[in-house]
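> Numbering (mature numbering (1 follows the signal peptide of the UniProt record, and there is no 0)), first residue to last: -24 to -1, 1 to 334. Note that beta-carbon positions come from the ideal geometry of N, C-alpha and C, so glycine has one too.
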């Protein structure tokens, strides 16, 4: 477990360092990046010495940049907030209501001690990081494709539809990692190799998609709320401030916090049902979605559907605050680098501000 956590930390540090040093143009400060004026890198002032408008249109965020930013930002948020997610999973997997304190004591009383809070972190960060790459690449590409083909007044609603498609595309990467993570968190399996072997022996390859339907039932609505609300909250804050322009980093933080709280709370019942399915004994007959929901209501009443809601919201607000603004910052770095490389290839000398492009 210690080696696993150390490897994940090294991966995240190396990833962030590579983005900072390899993708961000050296020597540019944040003030220069967000300036509303063009940055001249030479004394040339003739029109042919500037980045042509036709070239400017080509400097757009592509699926590769979105995938890199999505992978690193998602993995970073998952790793930092994993202990809170473990508490939530232990609460939801318990047969009776369990407080946050009781869940913490149960984790600490396990064989791993405090490292029990990071049970399942390896497969989850890897799988969710890759799923984040697929999700954000799909979302950015589909959003641009749809926006070119619908009336402007429909654009805010299109974000929700594109988010649903992005989640569906990423689910085939996400579900196996989520399954292994929750098996380890809930104590159903004691090690990652043991969990993989047990699932394979019991159900074969299909076993790694256990809970896929429940995950879609939870994550499609969640992702629609997450990305749809986030983009619309940013637009609303810009409109309230007036004067047009782009969303500021403060707008991104406020939007991320609101999004995490609303989306997390609203989808708690769906998350609880999914957890019940994924933490069932390996090889046991898995209940259906409705059957799992009925058993929860029968045991704890309707309020039982929101078991673990506090831990889920407490996990998602800071996690969303971390990873969505981090994703935005990484996109800006990657877009700045792409712009710089295009200017160098075309022997142009003017770098337009990032706010004019994105």
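Whose C-beta lies closer than 6 Å to the C-beta of residue 136 among residues of the same chain, with five residues either side of it excluded?
Contacts found: 200, 204.
> Taking 8 Å as the limit between beta carbons, can you name the residues of its chain near residue 234, skipping five residues before and five after?
205, 209, listed in sequence order.
> Can the beta-carbon of residue 296 be found closer than 7 Å to that of residue 236?
Contact: yes.
> Should the stretch 282 to 300 be regarded as contacting the stretch 56 to 68, the criterion being three or more beta carbon pairs within less than 8 Å?
Yes: at least three Cβ pairs fall under 8 Å.
> Cα separation between residue 213 and residue 228?
If I take the Cα positions, the gap works out to 9 Å.
> With a threshold of 7 Å on Cβ separation, who are the neighbours of residue 268 within its own chain once the five nearest residues in sequence on each side are excluded?
So the list reads 249, 252, 253, once near-sequence residues are dropped.
> Quick one: give me the first and last residue of the alpha helix (DSSP H) that residue 273 is part of.
Start and end: 265 to 276.
> To the nearest angstrom, how far is the alpha carbon of residue 152 from that of residue 50?
So the alpha carbons of these two residues sit roughly 16 Å apart.
> Out of 93, 193, 69, 109, which one is the CA nearest neighbour of residue 300?
Cα-wise, what sits closest to residue 300 is 109.
> What alpha helix (DSSP H) runs, 4 residues minimum, are completely inside the stretch 129 to 207?
For the stretch 129 to 207, whole alpha helix (DSSP H) runs of length 4 or above, ordered along the chain, are 131 to 161, 168 to 179.
> According to DSSP, is residue 85 helix, strand or coil?
Coil.
> Which two residues bound the contiguous alpha helix (DSSP H) that contains residue 70?
Element bounds for residue 70: n/a, residue is neither H nor E.
> Here's a check: name, in chain order, each residue in its chain whose Cβ is nearer than 6 Å to the Cβ of residue 39, leaving out the five neighbours to either side.
Excluding residues within five positions, the ones whose Cβ falls inside 6 Å are 113, 117.
> Report all residues from its chain with a CB closer than 6 Å to the CB of residue 42; omit the five preceding and five following residues, and keep chain order.
So the list reads 112, 113, 116, once near-sequence residues are dropped.
> Between residue 95 and residue 284, is the Cβ-Cβ spacing less than 7 Å?
Taking 7 Å as the Cβ cut-off, residue 95 and residue 284 do not qualify as a contacting pair.
> Could you spell out the range, first to last residue, of the alpha helix (DSSP H) harbouring residue 317?
Its alpha helix (DSSP H) spans residues 285 to 321.
> Would you tell me roughly how many angstroms separate the C-alpha atoms of residue 52 and residue 298, rounded to the nearest one?
When rounded, the distance between both Cα atoms is 8 Å.
> What does the alpha-carbon distance come out to for the pair residue 130 and residue 311?
Approximately 27 Å between the Cα atoms of the pair.
> Spatial neighbours of residue 273 within its chain, please: C-beta separation below 8 Å, excluding the five flanking residues on both sides.
These residues qualify, in order along the chain: 280, 281.
> Whole angstroms is fine: what's the gap from residue 189's alpha carbon to residue 218's?
Approximately 43 Å, taken between the alpha carbons.
> Closer than 7 Å by C-beta to residue 90: which residues in its own chain qualify, once you throw out the five before and the five after it? Chain order, please.
Result list for residue 90: 84, in chain order.
> Hey, how far is the Cα of residue 198 from the Cα of residue 231?
Roughly 15 Å between the two C-alpha positions.
> Which residues in the same chain as residue 149 place their Cβ atom closer than 7 Å to its Cβ, once the five residues preceding and following it in sequence are excluded?
103, 106, 107, 110, listed in sequence order.
> CB-CB under 8 Å to residue 286, same chain, minus the five flanking residues each way: which ones, in chain order?
These residues qualify, in order along the chain: 76.
> Can you tell me whether residue 147 is buried or exposed, with buried defined as 16 or more other CB within 10 angstroms of its CB?
Buried.
> For residue 194, count neighbouring C-beta atoms within 10 Å of its own C-beta (all shown protein chains included) and say buried if the count is 16 or more, exposed if not.
By the neighbour-count rule (16 or more Cβ atoms within 10 Å), residue 194 is buried.
> For residue 37, does the three-state DSSP call read helix, strand or coil?
Coil, per DSSP.
> Please report the distance separating the alpha-carbon of residue 47 from that of residue 98.
Cα-Cα distance, rounded: 14 Å.
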